[in-house]
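Residue numbers (the working numbering): 927 to 998.
Beta carbons: idealized from backbone N, C-alpha and C, even for Gly.
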């Protein structure tokens with residue numbers, strides 16, 4: 927799989943994990959925006975926005991692969 931082809935898979939996996947990791951049933955929504963390609967030795971910036979929530983939200987976002995694993 928090419929790295930650029932992995933980005934949609936990663937995005938779907940992140941969305942699935944965020945959906946399953948909802949311990950409190952709420953009606954908030956979120957948006958994740960990021961570039962379609964990951965380049966070596968370059969920053970990969972992602973924007974995450976949370977909408978329609980009544981309480982503060984804490985998110986844990988990560989990128990995992992065969993040679994890279996980081997979560998912030």
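From the options, pick the residue whose C-alpha is nearest to that of residue i; which is it?
| i | options | result |
| --- | --- | --- |
| residue 953 | 968, 978, 960 and 989 | 978 |
| residue 994 | 964, 973 and 980 | 964 |
For residue i and residue j, what's the separation of their Cα atoms in angstroms?
| i | j | result |
| --- | --- | --- |
| residue 967 | residue 991 | 15 Å |
| residue 983 | residue 957 | 13 Å |
| residue 996 | residue 986 | 10 Å |
| residue 974 | residue 981 | 16 Å |
| residue 962 | residue 970 | 10 Å |
Among the residues of its own chain, which have a CB less than 8 Å from the CB of residue i, if the five just before and after it don't count?
| i | result |
| --- | --- |
| residue 955 | 976, 977 and 978 |
| residue 972 | 958, 959, 960 and 987 |
| residue 998 | 986, 987 and 988 |
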